[in-house]
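Since the structure comes first, as C-alpha cells, the remarks are kept for the end.
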Amino acid sequence: MENTARRLWQLLEPVHATLYYAPEVIAEAAALGYDTGERWPAYFPYRAAPLGPAGPHLVNALFYSFNPRMVERYTAPAWRTATPEQVLKTRTAGMDRALRRLLGDRIGSPELREAAALARRAAEAAGTAGRPMAAANAALPWPAEPHLELWHAATILREHRGDGHIAALQAHGLGPAESLITHAAMGAAPEEVFGSRQWPAEEWAAARDRLTARGLLEADGTATAEGRRLRTAVEHRTDDLAAAPWDALTPAETDRLADLLMPPVLDIVATGLLPMQSTLGIGLDYYE
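0 is the number of the first residue of the sequence shown in numbering that gives the first Met the number 0; add one for each residue after it.
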C-alpha cells in the first residue's frame with residue numbers, strides 16, 4: 000500500500016535537509032560567527048529563525064525530541080551571535096549556493112520550475128492552525144528562483160508534517176525520549192544514532208524502563224508486537240495529519256511531482272552529503 004503524504008515527504012526531506020549539511024550553508028553560518036566545528040550551533044538558529052528570537056523553552060517544545068539541556072546549551076546564546084533576520088538571510092544565501100552546485104544544469108530547467116510550482120501549491124494549502132513550525136515558515140516571503148521556491152515549499156511541508164507528528168506522539172503517550180527509543184526499536188537506525196539528541200544515560204534508561212513496563216519493548220530493546228502496533232499507529236496518524244496539503248493536487252499531479260523530484264533528489268543523495276542513517280526512519284515501510 001502506498002501513502003501519498005509519506006512518499007512525498009521521503010522525496011522532499013532530502014531537499015530540506017541540505018540546509019544542515021551543505022558546506023556552503025555551513026560556511027555562511029561560520030561567517031555569521033557560529034561555531035561550525037559541530038552540527039548543532041548552526042542547526043538550532045537555522046531551524047528556529049522563522050520563530051523570531053525564540054528562547055530554549057519554546058524551541059524545546061517545538062523540536063520535541065532533544066534533551067532540554069542540549070536545547071538550552073545551543074539556543075540560549077544563538078541570538079547573541081546573530082539576529083533571526085540575519086540568520087534567515089544567511090540560510091537563503093547558503094541554500095542558493097548549495098543547490099546551484101548540487102543540481103547543476105537542472106537549475107532553471109522546465110522540470111525544476113514545474114516541480115517547484117506543484118510543491119508550492121501543496122505548501123500554500125497546508126493549514127497552519129495548531130502547527131507553529133509550519134506557520135512560522137509559511138509566513139516568510141516566497142523566493143523567486145525555482146530551486147529556492149522548491150526548498151521553501153519542502154520546508155513548510157516537512158515542518159507541517161513534524162507538527163502533526165508531535166501531536167500523534169503525544170496522543171499515543173510517547174514523550175520526547177520515548178519517541179526516539181520506540182523508533183530505534185522499530186529499526187529506524189541503530190540506537191547510537193539517536194544519541195545525537197544527547198539524552199543522559201540515566202534518563203534514556205528510565206524511558207526504556209517505562210516503555211518496557213507498558214509492554215512496548217523486549218528486554219533487548221526491540222519492539223514487542225504491541226510496541227510495533229503502537230509505533231505503526233503513530234506513523235499512520237502522522238501520515239493522515241500530513242495528507243491535507245496534497246489534496247490541493249490531483250493524484251496525477253502528485254505522481255508527476257514524485258517523478259520530477261526523483262532526479263534532483265538522487266543528485267543530492269548521490270553526493271553523500273546526507274547521512275545514510277538518521278533519526279527520521281525514512282526507509283521504514285509502515286504499509287507492508
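Even glycine gets a Cβ: it sits at the ideal position worked out from N, Cα and C.
| said: On the criterion of 16 or more Cβ atoms from any shown chain inside 10 Å, does L265 qualify as buried, or is it exposed? | reply: Here residue 265 corresponds to residue number 266 of the sequence shown, with the count starting at 1. A residue is called buried when at least 16 other Cβ atoms come within 10 angstroms of its Cβ; L265 does not meet this threshold and is exposed.
| said: By the three-class DSSP mapping on this structure, what secondary structure does A184 have? | reply: For this step, residue 184 is matched to residue 185 along the sequence shown. Helix, per DSSP.
| Using 8 angstroms as the Cβ pair cut-off and three pairs as the minimum, do the stretch 113-120 and the stretch 141-156 touch? | yes
| field | Alpha-carbon to alpha-carbon, W245 and S277 | value | Your numbering for residue 277 matches position 278 in the sequence shown. Your numbering for residue 245 matches position 246 in the sequence shown. Each residue's Cα considered, the two are about 25 angstroms apart.
| Bridge partner(s) assigned by DSSP for L333 | Residue numbering for the chain in the displayed model covers 0 to 287; residue 333 lies beyond these limits and cannot be assessed.
| Thinking just about the alpha-carbon of each residue, which of T211, Y42 and T249 is nearest to the one in A16? | What you label residue 16 is simply residue 17 of the sequence shown in a count that begins at 1. A16 has its Cα closest to that of Y42, out of T211, Y42 and T249.
| request: Using three-state DSSP, classify A138 as helix, strand or coil. | output: In the sequence shown, residue 138 corresponds to position 139, counting from 1. DSSP places A138 in coil when its eight states are reduced to three.
| Can you check whether the CB of S64 is closer than 7 angstroms to the CB of L179? | Residue mapping note: residue 179 aligns to position 180 of the sequence shown, counting from 1. Residue mapping note: residue 64 aligns to position 65 of the sequence shown, counting from 1. Yes.
| How would you call V233, buried or exposed, if buried means at least 16 neighbouring beta carbons within 10 angstroms? | One-based indexing of the sequence shown puts residue 233 at position 234. Buried, because 16 or more other Cβ atoms sit within 10 Å of the Cβ of V233.
| What are the boundary residues of the alpha helix (DSSP H) that L10 is part of? | In the sequence shown, counting from the first residue as 1, residue 10 sits at position 11. Unbroken alpha helix (DSSP H) run through L10: T3 to A16.
| field | Limits of the unbroken alpha helix (DSSP H) element including E191 | value | By 1-based counting over the sequence shown, the position of residue 191 is 192. Here E191 belongs to no alpha helix (DSSP H), and DSSP marks it neither H nor E.
| task | Confirm, please, whether the CB-CB distance from E23 to R97 is below 7 angstroms. | result | Counting from 1 along the sequence shown, the entry for residue 97 is found at position 98. Counting from 1 along the sequence shown, the entry for residue 23 is found at position 24. Note on residue identity: the sequence assigns Ala, not Arg, to residue 97. Going by C-beta atoms, A97 is nearer than 7 angstroms to E23.
| task | Ignore the nearest five residues each way along the sequence and tell me which others in E252's own chain have a CB closer than 7 angstroms to its CB. | result | As a position in the sequence shown, residue 252 is number 253, starting the count at 1. Cβ neighbours of E252 beyond the five flanking positions: L117.
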